[in-house]
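Colleague: The structure under discussion is supplied below as structure tokens; questions concerning it will follow.
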Amino acid sequence: ALDATVICGAFVRPYSANYQILAAANDGIIDAFTTDVAAYEFVRNARTGALARNRVPVAEDLIAEFLDGFPNLFDPATTPRVSIGRSILDRPLLLDRAVGQVVYELTGRSREDLLRDLHDQQIVAIEDFDPADLHLLVAAVEHEADAICTSNTTDFRQAAYGDIRIVRPHQLVAELL
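Just add 62 to the spot in the sequence shown (first one is 1) and you have my numbering.
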């Protein structure tokens with residue numbers, strides 16, 4: 063599963079590890095996907111200027127051209143949907159619990175590997191694991207991903223969540239070469 067950080071990084075640096083990963087996924091060289099939520103997050107960041115140091119919004123035609131360059135990743139008809147979005151803060155029973163336990167509950171109690179070592183896991187709370195980033199772990203479970211590729215070291219600090227490992231873009235590129 064490819065996080066929005068990979069998409070944003072690929073847009074900002076077209077010859078980076080992030081870009082290589084998107085290209086390899088789009089071309090079927092690696093079996094990877096991104097989600098509707100991650101794509102929307104990229105578009106939001108581009109439109110609000112969050113991708114540029116000068117905070118200037120990206121022109122709509124440049125956003126569309128970038129997304130059109132990866133048709134196998136960003137085709138709305140085939141891009142996987144996630145059962146939750148970024149707005150789950152209205153579900154207070156999910157807060158202040160271990161990440162694995164929350165994802166286990168959100169995905170209909172699948173992937174019991176998420177319940178290992180709950181006392182060592184991050185806690186779903188703004189200070190430890192932003193609840194708005196749970197969508198990526200849920201997508202990984204729902205679409206049977208082995209790994210999540212992300213640059214988000216603030217939230218994804220564990221090496222793995224159950225059997226779903228976390229890899230940084232440069233690590234994934236090194237593994238592929």
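A virtual CB, placed ideally from N, CA and C, is assigned to each residue, including glycine. All of these numbers come straight from a predicted model, not from anything done at the bench.
Just how far apart, CA to CA, sit V165 and I185?
Modeller: Going by the C-alpha atoms only, they are around 11 Å apart.
Colleague: May I have the straight-line CA-CA distance separating A222 from L129, to the nearest angstrom?
Modeller: In a straight line, the C-alpha of A222 is about 29 Å away from that of L129.
Colleague: Would you mind sorting G162 into buried or exposed? The rule is 16 or more other CB atoms within 10 Å of its CB.
Modeller: Classification of G162: buried, given that the 10 Å Cβ count is 16 or more.
Colleague: Closest by CA to C211, which one among H232, A194, R106, E189?
Modeller: Taking only the C-alpha atoms, the option nearest C211 is H232.
Colleague: Short check: CB of T97 to CB of V144, under 8 Å?
Modeller: Contact: yes.
Colleague: Would you say D179 and D225 are within 8 Å of each other, going by their C-beta atoms?
Modeller: For D179 and D225, no; Cβs fall outside 8 Å.
Colleague: Do the segment 96-116 and the segment 68-78 make contact, defined as three or more Cβ pairs closer than 8 Å?
Modeller: At 8 Å Cβ cutoff, the stretches touch.
Colleague: According to DSSP, V186 sits in a beta bridge with which residue or residues?
Modeller: Answer is F191, bridged to V186.
Colleague: Output the distance between the C-alpha atoms of A114 and N134, rounded to the nearest integer angstrom.
Modeller: Answer to the nearest angstrom: the Cα atoms are 26 Å apart.
Colleague: On the three-state DSSP scale, how would you describe V229?
Modeller: Here V229 sits in strand by DSSP.
Colleague: Going by the CB atoms, is the gap between L64 and I83 shorter than 8 Å?
Modeller: Going by C-beta atoms, I83 is nearer than 8 Å to L64.
Colleague: Can you tell me whether DSSP reads P113 as helix, strand or coil?
Modeller: Going by the sequence as given, residue 113 is Leu instead of Pro. Three-state DSSP puts L113 in coil, outside helix and strand.
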